[in-house]
Amino acid sequence: FKGLYGTISEDTDVLAFGGKRLLRSFNTDCEMILEIDREMAQLELGISFQQFIDLCILCGTDFNSRIPKIGPVNALKMIKKYGSIEKIIYSSNIDPSITSSFNYKHWFYVSV
């Protein structure tokens, strides 16, 4: 899609699935448009695209529930500390009963 500027949607999952730019709050009057540039967000957060996907999974998407007791701020801290969702699950003090029977990354990718 050469020349495509971005995706108009209210669904931020567009970014997790590789969309580079999301335009939200778009209306016919063009009064207010929120533009989210995924690569700029990654740069500002100091994380890779794979870590961005893991962050989205930890925070919850349309295809998976978030891990209980982990909000966006803690999710980002954990991604920066451990590097990936797998290392977070195995290295942190998350209750194993929460994650042992559910493969978060698998269900995220299967849903695509």
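Sequential numbering from 803 applies to the sequence shown in this note's numbering.
Beta carbons are placed, not taken as given, at the ideal position from N, Cα and C, and that holds for glycine.
Keep in mind the model is a prediction, meaning the values are calculated, not measured.
Next on the checklist: Excluding the 5 residues flanking Ser894 on each side, which residues of the same chain have their C-beta closer than 7 Å to its C-beta?
Outcome noted: Taken in chain order, the residues that qualify are Met880 and Tyr884.
Next on the checklist: Can you check which of these residues, Leu860, Lys804, Ala877 and Ile835, is closest to Ile810 by C-alpha distance?
Outcome noted: Ile835
Checklist entry - What's the C-alpha gap between Asn866 and Thr830? => result 32 Å
Checklist entry - Among the residues of its own chain, which have a CB less than 6 Å from the CB of Arg840, if the five just before and after it don't count? => result Leu817 and Lys822
Item to check | Own chain partners of Phe854 with C-beta closer than 8 Å, once the 5 adjacent residues on each side are dropped | outcome: Leu817, Ala818, Arg840, Ala843, Gln844 and Leu847
Checklist entry - With a CB to CB cut of under 6 Å and the five nearest residues on each side skipped, what residues in its chain are close to Glu837? => result Leu825
Checklist entry - Apart from the five residues just before and just after Ile890, which ones in its own chain have a Cβ nearer than 6 Å to its Cβ? => result Met880 and Tyr884
Next on the checklist: Mapping the DSSP letters down to three states, classify Leu806 as helix, strand or coil.
Outcome noted: coil
Checklist entry - Just how far apart, CA to CA, sit Ile887 and Cys858? => result 10 Å
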